[in-house]
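S.K.: I am attaching a structure below and will ask some questions about it afterwards.
Residue numbers (the numbering used here): 241 to 623.
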């Protein structure tokens with residue numbers, strides 16, 4: 241019966257059951273956490289809606305290879321008695337699979353209720369984990385299609401990585417970069433998702449090995465376009481080089497704004513991402529005086545100043561797009577407070593952001609009030 245109900249009918253029923261206190265009957269109806277999170281038929285602040293948002297964020301995180309510790313922490317806060325407990329187990333199973341822990345992935349599947357819509361993915365994940373020949377034969381057409389999408393992308397990536405690892409072991413930087421770019425170009429036509437995954441792996445690996453990033457970055461921008469190329473670099477470097485990742489997030493937003501192909505909700509999402517990344521980077525970076533006291537080596541000091549100067553220049557460009565009348569202090573390369581105040585302020589509502597225009601020569605300060613960013617609908621910024 242549930243399968244024949246239209247989406248709006250199901251959402252109406254969910255809302256009615258909540259009002260009637262029939263929460264123990266909700267689990268079979270919770271077909272799409274994202275739709276539930278955005279539905280006006282379900283009261284804002286209701287626990288189901290809160291947990292649907294947590295599940296939605298977690299699914300986005302575990303399916304795109306980008307580890308999000310906050311999403312994982314929130315996911316674990318959902319109790320086993322929750323109507324969305326099966327979706328929680330599904331997220332944990334997918335995460336375990338992509339981390340190579342197939343036993344744990346299969347174990348989590350046992351916590352999914354057969355009546356939950358999340359159970360539709362049990363056959364696909366089971367087949368992916370068991371590694372049997374012809375394993376996709378018993379799947380439904382839709383499940384088989386999903387199975388092929390996952391396995392085809394992963395086989396291409398594995399093959400490419402094996403070839404590139406040989407060059408890494410031999411410290412052959414030029415061959416690594418040239419081969420990587422060729423592989424990405426070959427993959428992009430038929431396997432765009434695999435091409436993006438490989439691009440991120442290559443960028444992250446090149447950074448870890450100390451390879452020069454210029455050629456890789458410039459080629460990714462040519463292959464995927466300036467905005468998408470920068471976004472992939474931002475994702476790839478956010479753990480190991482968060483300050484460079486932040487720079488690429490800023491450049492991505494600048495590119496999208498200049499192209500005029502971005503909606504208000506997505507702009508808000510970018511602003512929130514940049515603000516959170518800036519908070520993390522600001523905690524890591526120190527003042528010139530602190531760096532001198534810490535005894536930075538000359539090369540470390542140069543890298544520090546280059547990062548700050550690049551962030552400052554990119555931030556100034558972004559600020560000009562938002563409001564040409566606002567400018568940074570002229571000594572912004574030496575004083576990082578203006579840069580980070582602007583970037584962290586992007587996560588605030590318009591009226592709450594630091595007023596740099598009114599006090600251009602003073603250190604902008606973050607308002608001492610609870611952050612209240614305009615939370616956008618689920619977006620594919622990390623896909």
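The beta-carbon is built from N, C-alpha and C at its ideal position, and this holds for glycine as well.
What you are looking at is a predicted structure, and each value in this text was computed from that prediction instead of being measured.
My assumption, with CB atoms under 8 Å, is that residue 288 sits in contact with residue 328. Please give the rounded CB distance.
M.R.: Contact flag wrong, Cβ pair sits at about 13 Å.
S.K.: Our contact map puts residue 383 next to residue 364 with C-beta atoms below 8 Å; I'd like the distance itself, whole angstroms only.
M.R.: 5 Å
S.K.: Measure the Cβ-Cβ separation of residue 477 and residue 485 and say whether it is below 8 Å.
M.R.: Judged by beta-carbon spacing, residue 485 lies within the 8 Å limit of residue 477, meaning their Cβ atoms are closer than that value.
S.K.: In its own chain, which residues sit with a C-beta less than 8 Å from the C-beta of residue 266, not counting the 5 before and 5 after it?
M.R.: Cβ neighbours of residue 266 beyond the five flanking positions: 254, 257, 258, 288 and 323.
S.K.: Between the Cα of residue 386 and the Cα atoms of 503, 495 and 303, which residue gives the shortest distance?
M.R.: 303
S.K.: Roughly how many whole angstroms lie between the Cα atoms of residue 354 and residue 360?
M.R.: Straight-line spacing of the CA atoms in residue 354 and residue 360 works out to 9 Å.
S.K.: Exposed or buried, what is residue 262 when buried is set at 16 or more other beta-carbons lying within 10 Å of its beta-carbon?
M.R.: exposed
S.K.: Exposed or buried, residue 283, counting other C-beta atoms within 10 Å across all chains shown (16 or more means buried)?
M.R.: So residue 283 ends up on the exposed side.
S.K.: Would you kindly check if the distance between the Cβ of residue 463 and the Cβ of residue 425 is under 8 Å?
M.R.: yes
S.K.: When you compare the CB positions of residue 519 and residue 472, do they come within less than 8 Å of one another, or not?
M.R.: No. Outside cutoff.
S.K.: Could you spell out the range, first to last residue, of the alpha helix (DSSP H) harbouring residue 246?
M.R.: Per DSSP, residue 246 lies in no alpha helix (DSSP H) segment and is marked neither H nor E.
S.K.: Using C-beta distances below 7 Å, list every residue in its chain close to residue 480, excluding the 5 sequence neighbours before and after it, in chain order.
M.R.: 444, 447 and 448
S.K.: Can you find the residues in the same chain that come closer than 6 Å, C-beta to C-beta, to residue 314, ignoring five residues on each side of it along the sequence?
M.R.: Cβ within range, chain order: 294.
S.K.: Give, in chain order, every unbroken run of the alpha helix (DSSP H) that is at least 4 residues long and sits entirely within the region 379 to 465.
M.R.: 381 to 409, 413 to 430, 432 to 448 and 454 to 464
S.K.: Could you work out which residue in 318, 357 and 311 is closest to residue 335 when comparing CA atoms only?
M.R.: 311
S.K.: Would you kindly report the start and end of the unbroken alpha helix (DSSP H) that includes residue 482?
M.R.: 482 to 499
S.K.: Measuring CA to CA, which of 421, 498, 274 and 346 is closest to residue 461?
M.R.: 421
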